[in-house]
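Protein chains in written order, with this note's numbering: chain E, 1 to 673; chain H, 1 to 181. So the structure is just underneath, and the comments pick up after that.
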């Protein structure tokens, strides 16, 4: 069947290249024709398809991909990880109904820690393991304006953790979400209801309020029985935008959420003779955040931005019970000190307060000591975009400087060169250094994975105060080609050279005792692994007619680890290598049958994950959206149609029990007034 | 089952391509806008005092020259004249660069910068053009509105007058005219 697909794609390729040559000539011709028009004729000229969305990202010297609200609707995505599935270079996999593994350019897992994720400028990762709890990252999906994804190091501007990518989820301004929206999604696996109301307080002050409830059904266990991983999430929030005057703008927004999710985990217990048990448990999470942002745009085009946020989160889950409070202050200044120089400077301070407790369940499996800790993070950055040759060559130089309580002072410079030989083409190259700073767990945790090394002997993982930052030097080369305004091709090649990646080194053996009835090999977090990753990412966007839109992407990824001397490192290396697919293909197309009726089809092929014991798979989604009246929109989606059920990802260590994703159908109703 | 679905997808993808002509007599929005800009140099009259800096040239100015519309504009004005004046494009970085511009074009994303520039522009015989419908209501002189599949200029006559500029009757006939500060 794959061969067939390749044949079809091949024939499509020929069609595409034939169309190319005629399109290029056409553009010149139509412009000449327009110039000869009288004013009346010009006013009567027919506008073709809006190709605007395709042009936005074309000048950026990085591997950028934008998922628009339109794309989200076409996919029928009801959560943020789902909306990210189409992005080249990004791997999205569901572990169970409420847990996701999301990464860019490798190293995937529940605790994937190389990605910086932000919602409207608020960093949403937990410094506990430097990763993202995807189950609590949500908002009114209809209010998302776009999701910008930058693969590769974004460290020069964004800071630590933007090692392999930055995801920025941007919601619409309050003035763009006016009126009442009632939306519901009802299906075999999910049920979601949303209410959002937007209005204005005056001509300059707009606001919106929302409330949302989600229920996700249990997944399917290995043996075909139903899992216990269902998920409920309730949330609400607001946003106020105040255009104080033409130069100043002020935004306040906040959210509150609470969720309950089923966790099933294999854990070690003190119960002889097995010393391990499969435990079902309901995790409990809640959180709240408040953000304010002030933007001032001056008459010379320069701008100031000052942002402050507070973020509280609480999680009582299968592995840890912990609570964190983050206060963050950011300032940015964008200005033009000299002709041909476009400079952004910024400074930030972040305060994090942790409180950790042992869960009733894990006894001594997930300890973090000391229980309470306060971290301070100071950072500053500067970036200058220099026009070296007018209209043709630009050089972007920048660096981020930060000081954190774990690895101290860090410098993360980058240099990017872009060349625009003519309209519609861009060639860029970049070299960057980025670090993944140590997480709280790597310094202070004591973890007992459910691995019995041999009967009566287990392994234990110990935090290491000397654990250092993981380091990356990344080399990237990109080419963007827009042969016609309805078509965009984007190619990126990258080579990443990692040093000091996390490894585990044996530091001793603890003998059985009253409190710990099993002997344990004690391993400590260490920095003994080196790795090289390389890959090729391609995106193809095409809107051949006003009715038809195609977005396709292909990703090739490979990883070579050079492990340290310990057997534990070898196991870890294998796990890393087998958790990322070598090939990944995504396709999303939508066809407007009539202005009110749109059909969409999506397909994806994902290569096998050897470490996860998940085979390669091809799957298809279909959808239909119908604007019944001006106020009522109705959509029907079928997902994962080629399989009754399949695993997407299985975590190797420190793992909850994975469940299979099922074929599903759902209906979406949207009422606006 | 899966084969049929796959076939359906491929058919679905290929069908519109093979059955739809790629281009008719349609133009991109940016092409039409660029040609409008070109026409403004012709159909709007500037006082001679607007050209004291460079009497021999007419300057189109914009903050960003990488936008598709500016790229098209450069092609359009290449080698063209308005009266005896050569048409040229210049990128501006800030308000001091405005000297010698006859027309400044703002993209939707840049229109927040307009407010600050306005006082500087008012008495200086500079035409401000924006690519959105409400530009002429929000401090600019000419916006461009899309109605169905056609583009029309939206002109704030009063503000044009204040800047000492005059639109030809021909242009006013097909434009939407708005008032107000």
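Where is the CB? At the ideal position from N, CA and C, for every residue including glycine. Being a predicted model, the structure only gives us computed values, none of them experimental.
Between the segment 515-527 of chain E and the segment 539-549 of chain E there are fewer than three inter-stretch CB-CB distances shorter than 8 angstroms, so the stretches are not counted as touching. The beta carbon of residue 152(H) falls within 7 angstroms of a beta carbon belonging to chain E, placing the residue at that interface. In the DSSP secondary-structure assignment, residue 136(E) is not bridged to any residue. Minimum Cα-Cα distance from residue 351(E) among the listed residues 336(E), 374(E), 368(E) and 212(E) corresponds to 374(E).
A direct Cα-to-Cα measurement between residue 436(E) and residue 325(E) gives close to 21 angstroms.
Annotation: residue 107(E) is outside any alpha helix (DSSP H) and is labelled neither H nor E by DSSP. Residues of the segment 411-431 of chain E with a C-beta atom less than 7 angstroms from some C-beta of chain H are 423, listed in chain order. Counted as a single uninterrupted DSSP element, the alpha helix (DSSP H) harbouring residue 76(H) occupies residues 68-77.
Beta-carbon to beta-carbon, residue 259(E) and residue 280(E) are separated by about 17 angstroms, too far to satisfy the 8 angstroms threshold. Listed along chain E, no residue sits closer than 8 angstroms to residue 158(H) by beta-carbon distance, the nearest being about 19 angstroms off. Residue 337(E) counts as exposed, since fewer than 16 other beta carbons sit within 10 angstroms of its beta carbon. Straight-line measurement puts the Cα of residue 63(H) at about 12 angstroms from the Cα of residue 342(E). Its chain contains 325 and 374 as the residues whose beta carbon lies nearer than 6 angstroms to that of residue 353(E), once the 5 sequence neighbours on both sides are disregarded; these appear in chain order. If you check each beta-carbon in the segment 71-105 of chain H against every beta-carbon of chain E, the ones closer than 9 angstroms belong to 71, 72, 74, 75, 76, 80, 91, 92, 93, 94, 95, 96 and 97. When 390(E), 119(E), 276(E) and 153(E) are compared, the shortest CA-CA separation from residue 420(E) is found for 390(E). Contact between the segment 78-98 of chain E and the segment 499-512 of chain E is absent: fewer than three C-beta pairs spanning the two stretches fall below 8 angstroms. Under DSSP, residue 522(E) takes part in a beta bridge, and its partners are 460(E) and 508(E).
Below the 7 angstroms Cβ cutoff, chain H contributes 93 as neighbours of residue 339(E), in chain order. Inclusion of residue 630(E) and residue 645(E) in the CB contact set at 7 angstroms is not warranted, their separation being larger than that value. At a cut-off of 7 angstroms between C-beta atoms, residue 481(E) does not count as an interface residue with respect to chain H. Judged by beta-carbon spacing, residue 143(E) lies within the 7 angstroms limit of residue 171(E), meaning their Cβ atoms are closer than that value. Going by DSSP, residue 34(H) is part of the alpha helix (DSSP H) stretching over 29-43.
Interface annotation, residue 35(H): in contact with chain E, CB-CB separation under 7 angstroms. Annotation for residue 160(H): the continuous alpha helix (DSSP H) segment containing it runs 157-162.
For residue 243(E), the enclosing beta strand (DSSP E) stretches over residues 231-243. For residue 81(E), the uninterrupted alpha helix (DSSP H) segment begins and ends at 80-83. A direct Cα-Cα distance of roughly 36 angstroms separates residue 474(E) from residue 253(E). Contact of residue 176(H) with chain E is not assigned, every C-beta pair being separated by 7 angstroms or more.
Rounded to whole angstroms, the separation of the alpha carbons of residue 181(E) and residue 673(E) is 7 angstroms. Counting only the Cα atoms, residue 32(H) lies some 28 angstroms from residue 48(H). The way I'd put it, the segment 30-46 of chain E doesn't touch the segment 103-120 of chain E; fewer than three beta-carbon pairs between them come closer than 8 angstroms. Residue 467(E) is a Cβ neighbour of residue 442(E), given a cutoff of 7 angstroms. Listed along chain H are 93 and 94, each with a C-beta nearer than 8 angstroms to that of residue 336(E). In chain order, 391 make up the part of chain E whose C-beta sits under 7 angstroms from the C-beta of residue 65(H).
Take the alpha-carbon of residue 90(H) and the one of residue 28(H): they are about 23 angstroms apart. Contact of residue 668(E) with chain H is not assigned, every C-beta pair being separated by 7 angstroms or more.
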